[in-house]
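Novice: Counted from 1, the sequence shown has number 120 at position 34 by our numbering; the numbering is strictly sequential. All residues carry an ideal CB built from backbone N, CA and C; glycine is no exception. No experiment lies behind these values; they were computed from the predicted model shown.
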Amino acid sequence: MNPSMTEIEYTNLQELERGEFLAILNEDKIRKHLVTHEQFNDESLADWIASKISVDATRGCKVRGIRINGAVAGWCGIQFENDSYELAIVLNEAYWGIGIRVFKDLMIWASELGHRTVVLHLFNTRPEYKFLTKMASRVYESTMFGQKYTSYELKVPNSRQQ
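Below, the structure is given as structure tokens:
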């Protein structure tokens, strides 16, 4: 897939086709990079979506589903966790190549929401990303839910609150 020829659509989570979304969230290659949790079923997915809708309604936060050329590809957002606004990007493996474009869109949203900094926590199974290290005002190891992460504190360009 050529990422530059890809149409990315951000939508409300509840508008995503549930079966496709469930399959993505339960995919082993994706789960190994996320907080350990039970596989989703229809009921737990509905509860999780409801919790993310609540996050989306919170000041300073934004959570969206992602469609690529019409297909369900994952979700992303800015959410308040552990005393900071954090970025989240979860993509079906077939769409990992567009992660940087989604990241750039999240940084635009962070600016529009008036954030000065945001944090991206990557599970320690992930390689170091040089572009993130260069952008980060601080890189540190953090522990959440008993698991270790590399955390990148990122300055938001053109923030309204400068």
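List the endpoints of the continuous alpha helix (DSSP H) containing Phe189.
Specialist: That run of the alpha helix (DSSP H) goes Gly185 to Glu198.
Novice: With DSSP as the reference, identify every bridge partner of Arg150, one or two as the case may be.
Specialist: DSSP lists Cys162 as partners of Arg150.
Novice: Under 7 Å Cβ to Cβ from Asn210, same chain only, skipping five residues before and after it: list those, please.
Specialist: Answer for Asn210: Lys234, Tyr235 and Thr236, listed in chain order.
Novice: For Glu222, does the count of other Cβ atoms within 10 angstroms reach 16, so buried, or fall short, so exposed?
Specialist: The question names Glu, yet the displayed sequence has Ala at residue 222. Buried, by the Cβ-count rule.
Novice: Taking the alpha helix (DSSP H) that Leu240 falls in, what are its first and last residues?
Specialist: Per DSSP, Leu240 belongs to no alpha helix (DSSP H); it is in the beta strand (DSSP E), Gln233 to Lys241.
Novice: State the start and end residues of the unbroken alpha helix (DSSP H) segment that holds Glu106.
Specialist: Counting along the chain, the alpha helix (DSSP H) containing Glu106 begins and ends at Arg104 to Leu111.
Novice: Mind checking whether Tyr171 and Val225 have CB atoms under 7 Å apart?
Specialist: Not closer than 7 Å, so no.
Novice: How is Glu167 classed by DSSP in three states: helix, strand or coil?
Specialist: Correct three-state label for Glu167: strand.
Novice: On a CA-only basis, which of Leu199, Ile194 and Asn127 is nearest Leu108? Give me that one, please.
Specialist: Ranking Leu199, Ile194 and Asn127 by Cα distance to Leu108 puts Asn127 first.
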